[in-house]
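Enquirer: Pasting a structure below so you can have a look.
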Amino acid sequence: MLLALTTFQIYKTGVSLLTIVGAAGLAAGRYARLPPPLRYLAWLTWFELPLEIFGVWLWAQNRNNLFIMPFYTVGELALLALMYRHALRSAAFARAVPWLVGGFALYALADTLLAPDLQWYKPGQQVLQSLLLLGMAGLYFWQLLRGRLPAPRLGREPLFWVSTGLILYFAGYLNIALFSNYMLTHYSLAFNQQVWSIHYVLSLVLHSCYCVALALRPQRVAPG
Numbered sequence: 573m574l575l576a577l578t579t580f581q582i583y584k585t586g587v588s589l590l591t592i593v594g595a596a597g598l599a600a601g602r603y604a605r606l607p608p609p610l611r612y613l614a615w616l617t618w619f620e621l622p623l624e625i626f627g628v629w630l631w632a633q634n635r636n637n638l639f640i641m642p643f644y645t646v647g648e649l650a651l652l653a654l655m656y657r658h659a660l661r662s663a664a665f666a667r668a669v670p671w672l673v674g675g676f677a678l679y680a681l682a683d684t685l686l687a688p689d690l691q692w693y694k695p696g697q698q699v700l701q702s703l704l705l706l707g708m709a710g711l712y713f714w715q716l717l718r719g720r721l722p723a724p725r726l727g728r729e730p731l732f733w734v735s736t737g738l739i740l741y742f743a744g745y746l747n748i749a750l751f752s753n754y755m756l757t758h759y760s761l762a763f764n765q766q767v768w769s770i771h772y773v774l775s776l777v778l779h780s781c782y783c784v785a786l787a788l789r790p791q792r793v794a795p796g
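Okay, structure coming up:
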């Protein structure tokens with residue numbers, strides 16, 4: 573049973589890395605043709621790829637890799653916030669982005685330094701980041717419904733795919749993040765692995781949406 577579980581974990585990790593590598597490869601191949609907002613998504617794929625590889629290497633060495641998470645959450649929030657800042661037609665949101673990102677970075681730094689050790693999850697950081705990104709994706713859909721963003725064919729709109737992936741991922745991840753340390757201390761290893769298998773599926777969905785967004789060609793909006 574232990575051998576099968578380990579093999580399954582290796583398989584999941586390989587598939588997860590494959591989607592991240594695929595997104596980073598698409599970003600590299602199409603970067604010159606990407607619209608400005610999507611270039612921030614390209615930078616995000618390049619930012620997270622080495623962190624994911626480093627985290628997997630630590631996991632393979634049976635070493636704790638949770639200390640990576642504050643760097644990941646701050647970088648992910650900053651790059652996605654910049655993406656939405658350039659994509660959304662909202663002057664108020666554009667002015668708020670530096671404060672949101674800077675405030676979150678300061679909070680993450682303080683929360684990390686004041687933590688008893690770096691071998692536990694940081695649910696405060698993860699929950700706050702999830703809420704902020706859900707809010708940004710929700711703002712995109714609100715502007716889309718109000719007709720403030722041009723989208724002649726919704727299925728061909730890259731930001732639609734990115735925002736859909738973010739909504740699905742962080743709506744599920746929010747619950748996992750909120751109870752991560754509680755599950756770690758009160759439930760069995762097998763139960764924790766089952767819960768994080770849900771996270772694995774959510775991550776596949778998110779990075780698959782990234783791949784679709786990066787592969788789409790920009791739509792031409794008819795004048796007038």
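Quick note: the sequence shown uses the numbering used here, first residue 573, plus one each step. Beta carbons: idealized from backbone N, C-alpha and C, even for Gly.
Report back the beta-carbon spacing between L610 and L786 to the nearest angstrom; my notes put them in contact at under 8 Å.
Expert: Here residue 610 refers to the residue found at position 38 when the sequence shown is read from its first residue. Here residue 786 refers to the residue found at position 214 when the sequence shown is read from its first residue. At roughly 7 Å, the Cβ-Cβ gap stays under 8 Å, so L610 and L786 are in contact.
Enquirer: In the DSSP assignment, find the alpha helix (DSSP H) that holds Q633 and state where it starts and stops.
Expert: Numbered from its first residue, the sequence shown carries residue 633 at position 61. Taken as a continuous stretch (DSSP letters only), Q633 belongs to no alpha helix (DSSP H), as it is neither H nor E.
Enquirer: Tell me, please, whether the CB atom of V699 is closer than 8 Å to any CB atom in chain C?
Expert: Any reference to chain C falls outside this structure, which holds one protein chain only.
Enquirer: Are the CB atoms of F676 and Q701 within a distance shorter than 8 Å?
Expert: Taking the sequence shown and counting its residues from 1, one reaches residue 701 at position 129. Taking the sequence shown and counting its residues from 1, one reaches residue 676 at position 104. It is a contact, given that the beta carbons lie within the stated cut-off.
Enquirer: Who are the near neighbours of I640 in its chain, counting only those whose CB is closer than 6 Å to its CB and skipping five residues on each side?
Expert: Here residue 640 is taken as the residue at index 68 of the sequence shown, counted from 1. Taken in chain order, the residues that qualify are L623, G627.
Enquirer: Distance, Cα to Cα, V593 vs L621?
Expert: If you number the sequence shown from 1, residue 593 lands on position 21. If you number the sequence shown from 1, residue 621 lands on position 49. Straight-line Cα distance between these residues: approximately 7 Å.
Enquirer: In whole angstroms, what separates the C-alpha of Y772 from that of P642?
Expert: For the purposes of this step, residue 772 is taken as the residue at position 200 of the sequence shown. For the purposes of this step, residue 642 is taken as the residue at position 70 of the sequence shown. Cα to Cα, the separation comes out at about 19 Å.
Enquirer: So, for V784: in the same chain, excluding its five sequence neighbours on each side, which residues have a beta-carbon less than 7 Å away from its beta-carbon?
Expert: Start at 1 with the first residue of the sequence shown, and residue 784 comes out as number 212. The answer, listed in chain order, is W733.
Enquirer: Within 10 angstroms of its Cβ, does L574 collect 16 or more other Cβ (buried), or is it exposed?
Expert: Counting from 1 along the sequence shown, the entry for residue 574 is found at position 2. Because L574 sits at a pLDDT of 35, beneath the cut-off of 50, its placement in the model cannot be relied upon, and the point is left open.
Enquirer: The ligand PLP and I592: does any heavy atom of the ligand fall closer than 7 Å to the residue's C-beta?
Expert: Judged by which ligands are present, the structure shown has none, so any question about the ligand PLP falls away.
Enquirer: Measure the CB-CB distance between Y712 and Y656 and report whether it falls below 8 Å.
Expert: As a first step, residue 712 must be located in the sequence shown, where it is residue number 140. As a first step, residue 656 must be located in the sequence shown, where it is residue number 84. Against a cut-off of 8 Å, the Cβ pair of Y656 and Y712 comes out as a contact.
Enquirer: Note the first and the last residue of the continuous alpha helix (DSSP H) segment covering N637.
Expert: Within the sequence shown, numbered from 1, the residue matching residue 637 stands at position 65. Unbroken run through N637: none, as it is neither H nor E.
Enquirer: What do you get for A794, buried or exposed, if any count of 16 or more other CB atoms within 10 angstroms of its CB means buried?
Expert: Start at 1 with the first residue of the sequence shown, and residue 794 comes out as number 222. With a pLDDT of only 46 at A794, under 50, the local geometry of the prediction cannot be trusted, and the value read off the model is given with reservation. With fewer than 16 Cβ atoms within 10 Å of its Cβ, A794 is classed as exposed.
Enquirer: So, under 8 Å CB-CB, P695 and L750 are touching, yes? Tell me the CB distance rounded to an integer number of Å.
Expert: Counted from its first residue, the sequence shown places residue 695 at position 123. Counted from its first residue, the sequence shown places residue 750 at position 178. Right, their Cβ atoms sit about 6 Å apart.
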